[in-house]
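A short write-up of the structure that comes next.
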Amino acid sequence: MRAKKPLPVPLDFAPARASAHRPLRQRMVAALGLCVSLMHAHGAGVKAGPFEIEFRHERRMGSLPNADPFKSHRIARYKVLHDGRAVAFNPGGIDPMKRKLWADDLLEAHFVYSQGRPVVLVCTETGTYVLSDRDGKPWVKQLNDHPATRFQFLDSVAGQPGDLQAFNAGPEEAAMGRDLGRNGTLMSLHDEQNINFGVLDLTTLQLRVSSVLKRHVFVHNDPDFGGYSFDASAQGQVRVWWKDRHQLALVRPRYVGDTTTYALEVVNLDDDSFQIVPFDLNRTRLIALGDVSPAWIEHYFQWRTDASRPATAAQLVPKQTVTPLPWQGSMKADPYDQAGFNLQPVLPEMRTVLLQFLKDKFGATLDAAKSLPSTTGLKIGQQAFTIEYDESSKSLTLKPEFGTPGTTTAQIAEQFNRVIVESRYQALFTALGPGGFSR
1 MRAKKPLPVP LDFAPARASA HRPLRQRMVA ALGLCVSLMH AHGAGVKAGP FEIEFRHERR
61 MGSLPNADPF KSHRIARYKV LHDGRAVAFN PGGIDPMKRK LWADDLLEAH FVYSQGRPVV
121 LVCTETGTYV LSDRDGKPWV KQLNDHPATR FQFLDSVAGQ PGDLQAFNAG PEEAAMGRDL
181 GRNGTLMSLH DEQNINFGVL DLTTLQLRVS SVLKRHVFVH NDPDFGGYSF DASAQGQVRV
241 WWKDRHQLAL VRPRYVGDTT TYALEVVNLD DDSFQIVPFD LNRTRLIALG DVSPAWIEHY
301 FQWRTDASRP ATAAQLVPKQ TVTPLPWQGS MKADPYDQAG FNLQPVLPEM RTVLLQFLKD
361 KFGATLDAAK SLPSTTGLKI GQQAFTIEYD ESSKSLTLKP EFGTPGTTTA QIAEQFNRVI
421 VESRYQALFT ALGPGGFSR
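What follows is the structure, encoded as structure tokens:
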């Protein structure tokens with residue numbers, strides 16, 4: 001397991017050994033109280049430029065407060081080296097009351113790139129730091145007094161946002177010392193509550209703090225944002241970045257009784273302002289927030305300037321005349337499980353169309369053992385699927401059996417979407433109700 005708050009060890013990781021001349025009772029108290037009896041360690045390093053992120057296992061006895069003091073457990077420890085020498089990360093005065101006990105206990109350390117050169121983003125219990133090389137010497141800058149837990153590049157995918165990701169990608173070696181990417185220059189950093197505490201400019205290594213972004217906390221029907229709430233899940237990530245305007249957009253939901261509506265929140269990083277731009281789900285044919293993309297926004301929205309205001313004060317508005325894109329299915333309807341394929345809002349007849357398509361194109365066969373009045377069980381090769389139609393939400397969902405790879409489902413989604421863009425199948429779509437799309 002990865003230790004959250006282990007006691008500090010020397011930078012060279014030399015084991016501390018009890019003196020043979022100390023009384024047995026003193027040695028027992030030390031072992032039980034400190035719980036740091038080091039039994040075994042081995043390490044490996046990941047290098048980039050002058051930096052190395054070193055990983056080590058340590059076998060320790062006991063664990064506070066309630067574990068068996070005579071049972072050993074394995075923890076992971078890390079340190080960052082610059083030209084072979086360990087670098088210390090101490091609080092820089094952002095919060096002078098912050099305890100320094102865990103300053104060198106690294107939670108995360110990963111490589112990012114500044115103008116083509118590797119730098120290290122480090123998270124400890126005392127905050128988030130960036131480590132770079134300046135004239136052959138290590139240079140440490142504290143960005144925040146809280147450790148970052150998530151990040152999102154605003155411009156890493158053809159100049160547009162990548163996905164919101166967690167720093168902790170798994171246990172031990174695979175989770176530490178990762179190359180987070182070389183294409184992005186702006187990195188949005190979030191704390192453990194997914195609250196944005198700034199955007200790191202990797203060109204200058206300066207943190208841009210926005211009061212608007214810091215207010216991205218979940219408040220039901222937030223009055224400061226027109227009644228629209230912030231989604232702290234991955235659904236609330238940045239969807240588009242306008243480099244020339246230094247503005248970004250994400251989606252906010254609003255719930256009033258049984259009615260759900262959505263709006264884009266457009267944030268201007270230059271003047272720390274924002275605007276709320278509501279949109280209609282049926283008019284934009286949107287059935288999943290994950291499908292909000294730069295192309296989708298460009299199709300349905302435009303920038304409008306006012307002659308009485310400067311060009312930089314342009315407002316994003318929905319286009320008044322636009323041909324809607326065809327209805328299509330989505331694999332992003334469920335933010336926690338993207339293995340299913342959802343079609344919504346559709347008539348029950350779409351179920352027959354999908355089933356026949358799966359028989360003709362994928363050799364699907366019915367599985368009577370898994371069929372219910374509202375559910376059809378089937379098999380494609382050795383993989384089991386179900387097709388379920390929900391009358392209340394007018395949704396038709398194809399789901400693979402739990403644990404089944406989503407490759408086949410993705411192939412089905414891609415091919416079936418190409419089929420249903422034809423006008424004769426578009427007639428099987430209806431309209432979303434006041435509750436919006438199902439998740």
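According to the working numbering, the sequence shown is numbered sequentially starting from 1.
A virtual CB, placed ideally from N, CA and C, is assigned to each residue, including glycine.
Segment contact: the segment 115 to 135 against the segment 197 to 214, three or more CB-CB distances shorter than 8 Å; contact assigned. Val87 and Asp155 have their C-alpha atoms spaced approximately 30 Å apart. Check the Cα spacing between Gly45 and each of Val346, Gln328 and Met176: the tightest is with Met176. Counted as a single uninterrupted DSSP element, the alpha helix (DSSP H) harbouring Thr409 occupies residues Thr407 to Ile420. The C-alpha of Asp105 lies about 28 Å from the C-alpha of Ala232.
Here Ser188 has Phe151, Gln152, Leu154, Asn196, Val199 and Val238 as same chain residues with Cβ atoms under 7 Å from its own Cβ, once five neighbours each way along the sequence are excluded.
Approximately 7 Å separates the beta-carbon atoms of Val317 and Val277; this is inside 8 Å, confirming the contact.
With respect to Thr409, Ala339 sits close: the two C-beta atoms are nearer than 8 Å. About 5 Å separates the Cβ atoms of Leu325 and Arg285, confirming a contact at the 8 Å cut-off. Straight across, the Cα-Cα distance linking Tyr300 with Pro91 is about 47 Å. Taking C-beta atoms as the reference points, Pro253 and Thr259 fail to come closer than 8 Å. Partner residues in the beta bridge of Ala166, as assigned by DSSP, are Arg150. Burial is judged here by how many other beta carbons sit within 10 angstroms of a residue's own beta carbon; Glu192 has fewer than 16 and is exposed. Going by beta carbons, Ile387 and Leu398 fall inside the 8 Å limit. At a Cβ-Cβ threshold of 8 Å, Lys243 and Gly377 do not count as neighbours.
From the listed residues His246, Val256, Gly257 and Leu289, the smallest Cα separation to Asp271 is found for His246. In summary, Pro400 is buried, with 16 or more beta-carbon neighbours lying within 10 Å of its beta-carbon over all protein chains present. CA-CA distance, Val256 to Val112, rounds to 42 Å. The continuous alpha helix (DSSP H) containing Phe357 extends over residues Glu349 to Phe362. Taking C-beta separations shorter than 6 Å and ignoring five residues to either side along the sequence, the partners of Leu428 in its chain run Val346, Leu347, Glu349 and Met350, following chain order.
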